[in-house]
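One gets this note's numbering by counting positions in the sequence shown from 1 and adding 1077 to each. A short worksheet on the structure shown next.
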Amino acid sequence: MTSSQEENKGLVIVYTGNGKGKTTAALGMCIRAAGYKKKIKILQFVKGSWKYGELKGIELLKGFVDMEQVGEGFVGIVDDNKEFSVHQEAARKGLAYAREIIHSGQYDIVILDELNIAIDLGLIPLADALEVIQNKPAQLHLVITGRSAKPEIIEIADLVTEMREIKHPFQKGILAQRAIDW
Ligand code: ATP
Ligand code: MG
């Protein structure tokens, strides 16, 4: 394989584990890729509203990176009072939308933030997610984040990094910090 062919190999990249930094790692990739004028789409599964910092930060990369939330926000925590089936329906629609985005030809990198959580919670069937991942266009980089990545996802990925918690300020009762956590 020539070096240019190697450069065009679209990777399946997984950031998982209990330690902090999975979404941050994906956002960091956006900065690097935007430097090459690559087009990046971020779809966030499961969680509630966007955090102010990344929302505003990504506006600064307008034209290269954009993000959308799919799903119905927090599941089973915070102010969630929706039926589980409502979350399931939203997450499944989210996966169908992700498939469209992946095949749209408009993006070099697609980030499915917290997809692992959506699978782990049973919102999205593992087999459906695997099908989307395995059928991605060859040159597209697909990034999947979230703790509790399923072994089958790890198996088909090219790059898997586990963020392992060694220390987190939360253990000392220090709350989430502006510009670091949100
Ligand atoms: P980040 O978005 O900061 O990169 P993450 O994507 O690795 O974090 P998530 O599981 O998505 O982690 O959790 C999101 C929020 O939970 C973040 O505000 C993060 O600071 C916080 N968090 C992440 N890891 C831990 C941890 N080990 N203990 C306590 N809070 C955590
Ligand atoms: Mg995250």
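Where is the CB? At the ideal position from N, CA and C, for every residue including glycine. Keep in mind the model is a prediction, meaning the values are calculated, not measured.
{"Item": "Indicate, with yes or no, if the ligand MG has a heavy atom lying under 8 angstroms from the CB of Glu1166.", "Value": "no"}
{"Item": "Measuring only the C-alpha atoms, how far is Lys1159 from Ala1167?", "Value": "11 angstroms"}
{"Item": "Going by alpha carbons, who is nearest to Gly1140 out of Lys1128, Tyr1184, Gln1146, Val1123?", "Value": "Tyr1184"}
{"Item": "Relative to the C-alpha of Leu1207, which residue among Asp1190, Thr1222, Ala1234 is closest?", "Value": "Ala1234"}
{"Item": "Where are the alpha helix (DSSP H) runs, 4 residues long or more, that stay fully inside the region 1190-1255, in chain order?", "Value": "1192-1197, 1203-1211, 1228-1233"}
{"Item": "Taking the C-alpha atoms as reference points, what is the distance between Trp1259 and Ile1186?", "Value": "23 angstroms"}
{"Item": "How about Ile1196 and Lys1170: do their beta carbons lie closer than 9 angstroms?", "Value": "no"}
{"Item": "What's the gap between the Cα of Ile1221 and the Cα of Met1106?", "Value": "12 angstroms"}
{"Item": "At a threshold of 8 angstroms, does Tyr1092 count as lining the ligand ATP (C-beta to nearest heavy atom)?", "Value": "yes"}
{"Item": "What three-state label does DSSP hand Glu1160 in the structure shown?", "Value": "coil"}
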